[in-house]
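K.L.:
Just passing along the structure, written as structure tokens.
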Ligand SMILES: Cc1cc2nc3c(=O)[nH]c(=O)nc-3n(C[C@H](O)[C@H](O)[C@H](O)COP(=O)(O)OP(=O)(O)OC[C@H]3O[C@@H](n4cnc5c(N)ncnc54)[C@H](O)[C@@H]3O)c2cc1C
Ligand SMILES: Nc1ncnc2c1ncn2[C@@H]1O[C@H](COP(=O)(O)O)[C@@H](O)[C@H]1O
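Laid out in structure tokens, this is it:
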């Protein structure tokens, strides 16, 4: 079985984001594998190891630097990688179409893994678009996965502690959530080995992607600063408690 | 040109979630007529309330019992309603349920989608949302047919506007999902029953709570306040509470009306998840903690003492 994992090269969540020209960020910061995609990859490797003869292929649409993310994916266990080289950003509609075309050109997916969300775009949708293009079922925020002979069972986590189990036909698209597993960090040996694993580079124009009917474009980025003017609540513990209750009642009007 | 806007009403066990009203208010813009899409068979019961917030027509989408819970079938039904009623944009809540439904609809329509919007300008088709783990705000211009907007709960204060909504029954025929079925629905029972993203009040605990047991103080108080309980990452990493309760850059992004931070220092990563809250109240022993200088009210006090006092006050009142 060929198992594809979509991995995105994103700014390190600890990095300081500086906005330039009102629309872009200064990309002179560390980029790495999208955290949710680490969970996707870890699960893909687990499934592969249970199905002899399977292979895990990491696929990324990104700039040249994104090869690092593919190398990380291979250090974490992917057998090989595909980098679709681009110079610009793409919205999720285009991204899904490009990923689909690249996967189809490479092989026959038995399973596709993604993260539930990329931490830069926070789009929460590429996986569903990919599923629609392939006509595969999709589940997001997956916390447990079981692959059976003809179907997959996936537990999706909802708020308030609700879990729903979805049964899907195969192939399917799995959007990994944090609860799915605990990614293991690669050893030096893994990293060395991954340097030798093959990465196929595709040029975007060669994929001949048709224009989409819809488009999403960032027209402005604004730093999210917010400064509040703090007012002290003082007194004894019971004074403070009383004042807080009063604020909730009279000012916030929530009780 | 008058636009027909569809608003997907989210219900929980037959009860309309309060956050719908703010979303409807946001959808009510110049040259719009609002259509509420109701899928859980209670359009009659909601008629009065929806009318008083400016809904002109309620489309009651009938789904076979077997498919009630199936997001694939629900998405297909909404897509059919879009066609039938010539809707030009859709609004839905960016809740856990919305995150499982709205992208499916956008994928079927092959149109744009912006999740977690705090603002939508229908005249220019621009939505405001967050990017880079909540570190920046972004304005996204959408082009093409029937954009879908996932609205952050509590992003807009509900404002009434009286209309008299009619109900139209809509039976979308031949709906099925051969690909996906819901086989079980359960609860982990580990965290508070009220969903973090939708709660009007959140009480969060951090390292200052000292252990998992002390979180019970927060749960007891939250029950009285009808609030949800959240936490910092330290509390999750220490194993005191489950990950689903984490607020922040790598946790849930929340915008309650009131956020009460107990024993939380206010790291940048924590702020990334809660800075869009209406009011922030901090209880911390350390006056110099970052949260104390970026909140609306602060008390230099022991959260382990203040919280039980608040619970006691709510019991007697
Ligand atoms: C990549 C990355 C992602 C991260 N993502 C997140 C995230 O999503 N969410 C998150 O929260 N953090 C996140 N963090 C961690 C973050 O940097 C902080 O370490 C964390 O938020 C601190 O948690 P805290 O405020 O509970 O603990 P501390 O910073 O240790 O603060 C504890 C506070 O409690 C006060 N205190 C102690 N006892 C009491 C008492 N009895 N009553 C009142 N106050 C008391 C202390 O004065 C102190 O201010 C992330 C970090 C990184 C690097
Ligand atoms: N450029 C990309 N290359 C590879 N995978 C991607 C890319 N963009 C998004 N994805 C995948 O889609 C998931 C959801 O992304 P998003 O819809 O942007 O939140 C991510 O976790 C990735 O698995």
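Residue numbers (my numbering), protein chains in the order written: chain A, 1 to 255; chain B, 1001 to 1317. Glycine included, C-beta positions come from ideal geometry on N, C-alpha and C.
1. What are the start and end residues of each continuous beta strand (DSSP E) run of 3 or more residues lying completely inside the stretch 1138-1178 of chain B, in chain order?
2. Apart from the five residues just before and just after residue 1100 of chain B, which ones in its own chain have a Cβ nearer than 8 Å to its Cβ?
3. Quick one: grab the DSSP three-state call for residue 1030 of chain B.
4. Quick one: which unbroken beta strand (DSSP E) runs of 3-plus residues sit fully inside the stretch 41-91 of chain A? Chain order, please.
5. Based on DSSP bridge pairs, tell me the residues matched to residue 1007 of chain B.
6. Judging by CA-CA distance, which residue of A/209, A/194, A/22 and A/74 is the nearest neighbour of residue 1137 of chain B?
7. I'd like to know if the stretch 42-55 of chain A and the stretch 1153-1173 of chain B are in contact, where contact means that at least 3 CB-CB pairs between them fall below 8 Å.
8. Indicate whether at least one CB of chain A lies closer than 7 Å to the CB of residue 1107 of chain B.
9. Under 8 Å by Cβ, that's how I've got residue 131 of chain A and residue 157 of chain A pegged, so tell me the actual separation to the nearest angstrom.
10. List the residues of chain A whose Cβ lies closer than 9 Å to the Cβ of residue 1089 of chain B, in chain order.
11. Going by beta-carbon coordinates alone, are residue 1043 of chain B and residue 1055 of chain B separated by less than 7 Å?
12. Would the C-beta of residue 1181 of chain B count as close to ligand 1, meaning under 6 Å from any of its heavy atoms?
13. Starting from residue 168 of chain A, follow its DSSP beta bridges and name the residues at the other end.
14. Going along chain A, which residues have a C-beta under 9 Å from residue 1180 of chain B?
15. Is the CB of residue 158 of chain A under 7 Å away from at least one CB in chain B?
16. Determine the closest residue to residue 1076 of chain B out of B/1039, B/1001, B/1050 and B/1035, with distance taken between C-alpha atoms.
17. Name the one or two DSSP bridge partners that residue 1231 of chain B has.
18. Go to residue 1260 of chain B, then tell me how far its alpha helix (DSSP H) extends in each direction, as first and last residue.
19. With respect to 6 Å, is the separation between the Cβ of residue 118 of chain A and the closest non-hydrogen atom of ligand 2 below this value?
20. Using beta carbons (cut-off 7 Å, strictly below), is residue 221 of chain A in contact with chain B?
21. Just verifying my parser: in three-state terms, what is the DSSP assignment at residue 233 of chain A?
22. Report the three-state DSSP secondary structure of residue 191 of chain A (helix, strand or coil).
23. Would the beta-carbon of residue 224 of chain A be found less than 6 Å away from any heavy atom of ligand 4?
24. Is the distance from the Cβ of residue 75 of chain A to the Cβ of residue 7 of chain A below 7 Å?
25. Run the CB neighbour count on residue 20 of chain A, radius 10 Å, all protein chains shown included, and call it buried at 16 or more, exposed below.
26. How is the beta strand (DSSP E) around residue 116 of chain A delimited, first residue to last?
27. With C-beta atoms as the reference, is residue 1263 of chain B less than 7 Å away from residue 1227 of chain B?
28. Does the stretch 9-18 of chain A touch the stretch 27-34 of chain A, meaning 3 or more C-beta pairs lie closer than 8 Å?
29. Assuming residue 1318 of chain B and residue 1022 of chain B make a contact with CB atoms under 8 Å, what is their CB distance in whole Å?
30. Suppose you measure from the CA of residue 251 of chain A to the CA of residue 181 of chain A; what does that come to, to the nearest Å?
31. By the 10 Å Cβ neighbour count, where 16 or more other Cβ atoms means buried, how is residue 102 of chain A classified, buried or exposed?
32. Confirm the yes/no value for this check: CB of residue 172 of chain A, any heavy atom of ligand 2, distance under 6 Å.
33. Give the straight-line distance between the Cα atoms of residue 198 of chain A and residue 82 of chain A, rounded to the nearest whole angstrom.
34. Spatial neighbours of residue 133 of chain A within its chain, please: C-beta separation below 8 Å, excluding the five flanking residues on both sides.
35. Could you give the first and the last residue of the continuous beta strand (DSSP E) run that contains residue 147 of chain A?
36. CB residue 92 of chain A to CB residue 144 of chain A, shorter than 7 Å?
P.N.:
On the basis of the coordinates in this document:
1. 1148-1151 and 1166-1171
2. Here the set comprises 1071.
3. Reduced to three states, the DSSP call for residue 1030 of chain B is coil.
4. Runs found: 55-62 and 80-85.
5. Under DSSP, residue 1007 of chain B shares a beta bridge with B/1036 and B/1091.
6. Among A/209, A/194, A/22 and A/74, the Cα nearest to that of residue 1137 of chain B belongs to A/22.
7. no
8. yes
9. About 19 Å; that fails the 8 Å criterion.
10. Within chain A, no C-beta atom comes nearer than 9 Å to that of residue 1089 of chain B; the closest sits roughly 12 Å away.
11. no
12. no
13. A/152 and B/1180
14. 137, 138, 139, 166, 167, 168, 169 and 172
15. yes
16. Answer by Cα proximity: B/1039.
17. B/1205 and B/1246
18. Looking at the DSSP string, residue 1260 of chain B is not in any alpha helix (DSSP H); the run it does join, the beta strand (DSSP E), is 1258-1262.
19. yes
20. yes
21. coil
22. helix
23. Absent from the structure shown: ligand 4. Ligands present: ligand 1 and ligand 2.
24. no
25. exposed
26. Segment: none, residue 116 of chain A is in no beta strand (DSSP E) and carries neither H nor E.
27. One thing to note: residue 1263 of chain B has its Cβ no nearer than 7 Å to the Cβ of residue 1227 of chain B.
28. The stretch 27-34 of chain A is in contact with the stretch 9-18 of chain A.
29. Given that chain B is displayed from residue 1001 to residue 1317, the structure contains no residue 1318 of chain B and the question cannot be resolved.
30. Answer to the nearest angstrom: the Cα atoms are 43 Å apart.
31. buried
32. no
33. In this structure, the alpha-carbon of residue 198 of chain A lies about 9 Å from that of residue 82 of chain A.
34. 96, 97 and 100
35. 138-147
36. Judged by beta-carbon spacing, residue 144 of chain A lies beyond the 7 Å limit of residue 92 of chain A, meaning their Cβ atoms are not closer than that value.
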